[in-house]
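Have a look at the structure below before the remarks.
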Amino acid sequence: MMNKLYLLVLALAVFSCKQAPNKEKAAAPVDEVGKMVDSDKYPTELNKVFEAHGGLKAWKSYKTLIFEMPKEGFNEVQTIDLHKRFDKISTPANTIGYDGKEVWLLDKTGDYEGKPKFYHNLMFYFYAMPFVLSDDGIKYEEVDAMVYDGVSYPGYKISYNAGVGSSSTDEYYIHYDADTYQMKWLGYTMTYFSGEPSDKISWINYAEWNKVDEVLLPKAITWHKVEEGKVKEPAKTVNFENASISTQAQPKGFYSKPENAVTVQ
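In this text, residue positions in the sequence shown follow the working numbering: the first is 129, and each later residue adds one.
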């Protein structure tokens, strides 16, 4: 069962030509939320996108995000510390975690064949859009609107300062509804495996949103086929369930490596 899960994730990643956006951030907790939000550092229109999804002040007040992804016969549960970017992924067969220093794996069945460093924050980054695009070390550049089915979606190119995360040559493209400012499309390039910049952009459609406490988070995201640089029909949809977000952090040790787990090199 877990091999099937890994193969599904790997196939999705290969199809989209992108590994996890793997920004392993360890931001220090900040008590005063107002000091965490400097709206002047973001483009005006991007600030409107953040506001359309609940606002950065609300987002940065939260400490713990939990969401589930339905799989064949079970739900995968992902828990993330939003300030320190620790994470834990739990399934009946195994648990993967990141404690701020190392990625670890607890393989309960002995048949896990995946790549925990590849996967541990893969879906969190896609799920937490557009808010993760407010992280430190990001550069913003307005780009031409994306046109799909005759509708134009304004947008920005996102790039990273050197040394940010494990693949600072990543590039992202966020495009939004010109009327509502809700995010509609995410484009991204693959650089993790090669370490080299790429001009091949994969595209995800964000069509369904779910209000989780005070913020909007995706109910589902859909990868689209791309042919000769043109976005075509849908190819694969990933659904999210039972999302919750809290201003409380998980208990001390929640993300720590269990005694029987192994460190992933």
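Backbone N, C-alpha and C fix where the C-beta goes; we use that ideal spot for every residue, glycine too.
query = How big is the Cα-Cα spacing for Y383 and V359?
reply = Approximately 39 Å between the Cα atoms of the pair.
Using CA coordinates, which residue listed in Y304, V231, E269 is at the minimum distance from V177? Nearest C-alpha to V177: Y304.
Nearest to M274 (by Cα), restricted to the options G283, K328, Y268: Ranked by how close their Cα comes to the Cα of M274, the residues G283, K328, Y268 have G283 in first place.
Would you say G283 touches the ligand HEM, meaning its beta carbon is less than 8 Å from a heavy atom? With respect to the ligand HEM, the structure offers nothing, as it holds no ligand at all.
Q) Measuring CB to CB, does P220 end up less than 9 Å from E369? A) Their beta carbons are not under 9 Å apart, which means P220 does not touch E369 by this criterion.
**Asked** Taking the Cβ atom as the reference point for each residue, do I286 and H248 lie within a distance shorter than 9 Å?
**Response** The Cβ atoms of I286 and H248 do not sit closer than 9 Å to each other.
Inset, instruction - Quick one: residues in its chain with C-beta nearer than 6 Å to the C-beta of D235, no 5 flanking neighbours on either side, listed in chain order? - result: N222, listed in sequence order.
Spatial neighbours of Y309 in its chain, beta-carbon cut-off 6 Å, leaving aside the 5 residues before and after: Contacts found: K176, V177, A180.
Could you round the C-beta distance between H352 and A363 to whole angstroms and report it? I think they count as a contact, below 8 Å. About 6 Å separates the two Cβ atoms, so the contact holds.
Check: Between the C-alpha atoms of Q393 and K243, what's the straight-line distance to the nearest angstrom?
Finding: Approximately 10 Å between the Cα atoms of the pair.
Worksheet entry | Y386, buried or exposed, once every other Cβ within 10 Å from all chains shown has been counted against 16 | Looking at the sequence shown, residue 386 is not Tyr but Pro. So P386 ends up on the exposed side.
Buried or exposed: where does G278 fall if 16 or more other Cβ atoms within 10 Å of its Cβ makes it buried?
So G278 counts as exposed.
request  = Measure from the alpha carbon of S189 to the alpha carbon of each residue in F202, L210, E196, then state which is nearest.
outcome  = For the residues F202, L210, E196, the minimum Cα distance to S189 belongs to L210.
Which residues does DSSP pair with K285 in a beta bridge?
-> For K285, the beta-bridge partners assigned by DSSP are E269, Y301.
_Unbroken stretches of the alpha helix (DSSP H), 4 residues or longer, contained in the stretch 208-248_ = If we require 4 residues or more, the alpha helix (DSSP H) runs fully inside the stretch 208-248 come out as 244-247.
Q. Are the Cβ atoms of L455 and F254 separated by less than 9 Å?
A. Nothing about residue 455 can be reported from this structure: the residues present for the chain run from 129 to 393 only.
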